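In my numbering, the protein residues as written are 23 to 625.
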């Protein structure tokens, strides 16, 4: 059935049947990976054309490039009419996921289902999916109308073949048989799938092939669209993107935002079931990006089709989406509504990546009691006593006062910045920094009292997969400072196409940046940290507090001498709990992500 994308948003529920948009919130459960973990997807997004019917589903999808796993056992689904944003830092696997949906990449293992049918072997041009890229690839020699018309010239529509007596012409569907044979060939080469499951699926496909050979189907011929049909589609698409009075304009006379809308019109005029958007706003300036966020959201509502959007920009994800899927290192970290992702992060990575957060190493000291900042607090989450945990506190959830209260504790306002509608304070509590956002104006370089209420603290079991050091600063020598110890890093990863000049400044084109004091998040894999019993040759000293044998290596947690940082280390060599060790991290093994606006450090 060919859907009409240019009517008011409705939901196709069967042949020639439609239902009004469902404005009510729904709750679904999805499976994440083979471990059977489930995450509740709670939604309350009025005016979205989203339904409960799945349109795209990934089942145990793995993608390996040159021996490197970039997507690992990916499981998720997207619903018809949903606006899903895949969010994560560079290299997390979000664009690879999008390319596999589009058909530009093929999974090494697993299934990708479109409306319940496996499309892994289906070529990109046969999928009812279109993509809008960051670089729009518009044709400068065509006007707006010509650019939108380009793809339509290749479109053919089916016409049923009939005999002279009016009865349908029937033929064996060789295309379906060829497709199923490709599926069998793909499954035969899959070395990751369970052997019994593989044999069962191959047998099922072989049965379908035999049935197709014995069951002729309606035959079709295909024709191009008429000029009138093309013109109708083009003008409807241009109306949706608000360019219907600019069809004769040359591409080079359009603004960046207008060119973006031409690219979207060129995609939707083909009437796809899914529109993929790969960081499409990246080339626009800040104001235009914000305007286009609202326009894209409105286009999604008008079209009523599924949008899958890829970005590393948290604001874009939270502003536009019905659902946000956060990824890191090829693994889905969390799926949920923007509100859930922000207010209930599942781990420290999500908390740090979505908005500003204070993240502390904590330890459970009793029933719903946790110790951070050298003090004990009551919390809502409960873990076994002595468990190491991550404690996440949003800056806006901390209350400030100049007078001491029963449950408050003292800090010192080291600095403050006015952000327009609130003040952002850097408050020192002992050696720990606490970031607070408040509408109240307090004096800089003065004592202040802080209050944490139980539901402001999100307690989560400490992850033993990746070392994440949040809110650390770059010093004057372009090192990052972890627990008062400088570690050499490559700061050019913070800005594309940058280099460091002879004076130590970060340079991009004609712009120069002094990053002294700039805050970043540093990430280090456990296998990239070097551990030794020779402390004198290391960067920082620590004590082994935990060691677990993993079959071919040991997973060690080493805590710095002042108990401020834990390092998770993978090593083939055993140590003893209580051993004093030295830790070093090579420069090229520390990944950086900016925590603030780097433009403020331009000189």
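By construction, the Cβ of each residue, glycine as well, lies at the ideal position given by its N, Cα and C atoms.
All figures in this text were calculated on a predicted structure; none of them were measured in a lab.
In this chain, the beta strand (DSSP E) harbouring residue 446 covers 445 to 451. Here residue 237 is exposed, its C-beta having fewer than 16 other C-beta atoms within 10 Å. Under DSSP, residue 99 shares a beta bridge with 79.
DSSP places residue 480 within a strand segment (E or B) once states are collapsed to three. Contact between residue 557 and residue 582 fails: their C-beta atoms lie close to 12 Å from each other, not under 8 Å. In this chain, the alpha helix (DSSP H) harbouring residue 252 covers 249 to 262. Contact annotation, residue 339 with residue 107: C-beta distance approximately 4 Å; criterion of less than 8 Å satisfied. Spanning the alpha carbons of residue 76 and residue 98 requires a straight line of approximately 10 Å. Residue range 613 to 616 is occupied by the beta strand (DSSP E) that includes residue 613, with no alpha helix (DSSP H) assigned at that position.
Counting along the chain, the unbroken beta strand (DSSP E) around residue 412 starts and ends at 410 to 415. Residue 188 counts as exposed, since fewer than 16 other C-beta atoms from the protein chains shown sit within 10 angstroms of its C-beta. One thing to note: residue 174 has its Cβ within 8 Å of the Cβ of residue 292.
Taking C-beta separations shorter than 6 Å and ignoring five residues to either side along the sequence, the partners of residue 303 in its chain run 311, 314, following chain order. Residue pairing for residue 334: DSSP places it in no beta bridge. Between residue 333 and residue 160, the beta carbon gap of about 21 Å keeps them out of contact (Cβ cut-off 8 Å).
When the five nearest sequence neighbours on each side are left out, the beta carbons in the same chain lying within less than 6 Å of the beta carbon of residue 382 are those of 394, 413, in order along the chain. The Cβ neighbour count for residue 251, taken over all protein chains shown within 10 Å, is under 16; the residue is labelled exposed. With respect to the 8 Å criterion, residue 154 and residue 265 are not classified as neighbours on the basis of their beta carbons. Checking the DSSP bridge columns, you'll see residue 465 has no partner listed. The beta-carbon distance between residue 489 and residue 546, rounded to whole angstroms, is 4 Å. This is short enough to meet the 8 Å contact definition. Counting other Cβ atoms within 10 Å of its Cβ, residue 571 stays below 16 and is therefore classed as exposed. When beta bridges are read from the DSSP output, residue 105 appears opposite 329. Here residue 603 is near residue 566, since their CB atoms are less than 8 Å apart.
Spatial neighbours of residue 241 in its own chain (CB-CB distance under 7 Å, excluding positions within 5 residues in sequence) are listed in chain order as 183, 191, 192, 193. For residue 375, the enclosing alpha helix (DSSP H) starts and ends at 370 to 375. According to the DSSP assignment, residue 221 belongs to the alpha helix (DSSP H) that extends over 217 to 235. The continuous stretches of alpha helix (DSSP H) do not include residue 156, and DSSP gives it neither H nor E. Straight through space, the alpha carbons of residue 482 and residue 473 are spaced by roughly 21 Å. Taking 8 Å as the upper bound for CB-CB distance, residue 348 and residue 375 are in contact here, some 6 Å apart.
In this structure, residue 151 places its C-beta atom within 8 Å of the C-beta atom of residue 296. The three-state secondary structure of residue 210, taken from DSSP, is helix. A residue is called buried once 16 or more other Cβ atoms fall within 10 Å of its Cβ, and residue 171 is buried on that count. Nearest neighbour of residue 144 by Cα position, chosen from 186, 104, 199, turns out to be 199. Under the DSSP assignment, residue 303 falls outside any beta strand (DSSP E); it carries neither an H nor an E label. The count of Cβ pairs closer than 8 Å, one atom from the stretch 595 to 615 and one from the stretch 522 to 536, stays below three, leaving the stretches out of contact. Here residue 427 is exposed, its C-beta having fewer than 16 other C-beta atoms within 10 Å.
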